[in-house]
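Yeah, the sequence shown ends on 298 if you go by this note's numbering, and it's all consecutive. Right, one structure below, let's go through it.
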Amino acid sequence: MEKNVKRNQEFVVGEFTRRFKWDPIHNATFRTNFEKKGAAKLLQLFQQVRREGTKPVWMEDIAYADLVKIWESSEYKKLSETNKKNLSRSVFAYRRFYTS
Numbered sequence: 199m200e201k202n203v204k205r206n207q208e209f210v211v212g213e214f215t216r217r218f219k220w221d222p223i224h225n226a227t228f229r230t231n232f233e234k235k236g237a238a239k240l241l242q243l244f245q246q247v248r249r250e251g252t253k254p255v256w257m258e259d260i261a262y263a264d265l266v267k268i269w270e271s272s273e274y275k276k277l278s279e280t281n282k283k284n285l286s287r288s289v290f291a292y293r294r295f296y297t298s
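Structure (structure tokens):
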């Protein structure tokens, strides 16, 4: 799985760098920003796929099946509930201390 992720990541970066150019001194900054923004966009896409419950055309069948298996697991559901509780607590704390 990790090998496929790395291969896909390199493919996407390669396609981007083939189409766009910049001064090579910015390569490290580019890579950091690309990975940060790419990870955020991928998270957003996966959340949309999970909400809609249908496989998008850009995703392979086996990848979608693996994601559904993960999302339906009791471990994932437990982690999701924990994260929801933690998020609601942090939002409440923010609102309590930073009201206008």
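Ideal Cβ placement from N, Cα and C applies to all residues, glycine included.
Ranges of the alpha helix (DSSP H) found wholly within the segment 199 to 267, counting only runs of at least 4: Within the segment 199 to 267, the runs of alpha helix (DSSP H) at least 4 residues long that lie entirely inside it are, in chain order, 200 to 217, 225 to 250.
Can you tell me which of the three DSSP states Ser278 falls into? Of the three classes helix, strand and coil, the one that applies to Ser278 here is helix, per DSSP.
Check whether the Cβ atoms of Lys253 and Tyr262 sit closer than 9 angstroms, and answer yes or no. Contact: yes.
Residues near Lys201 by beta carbon distance below 7 angstroms, same chain, minus five either side: Around Lys201: no qualifying Cβ.
What three-state label does DSSP hand Ser271 in the structure shown? Ser271: coil per DSSP, three-state reduction.
C-alpha distance - Val247 paired with Trp269, whole-angstrom precision: Cα to Cα, Val247 sits roughly 11 angstroms from Trp269.
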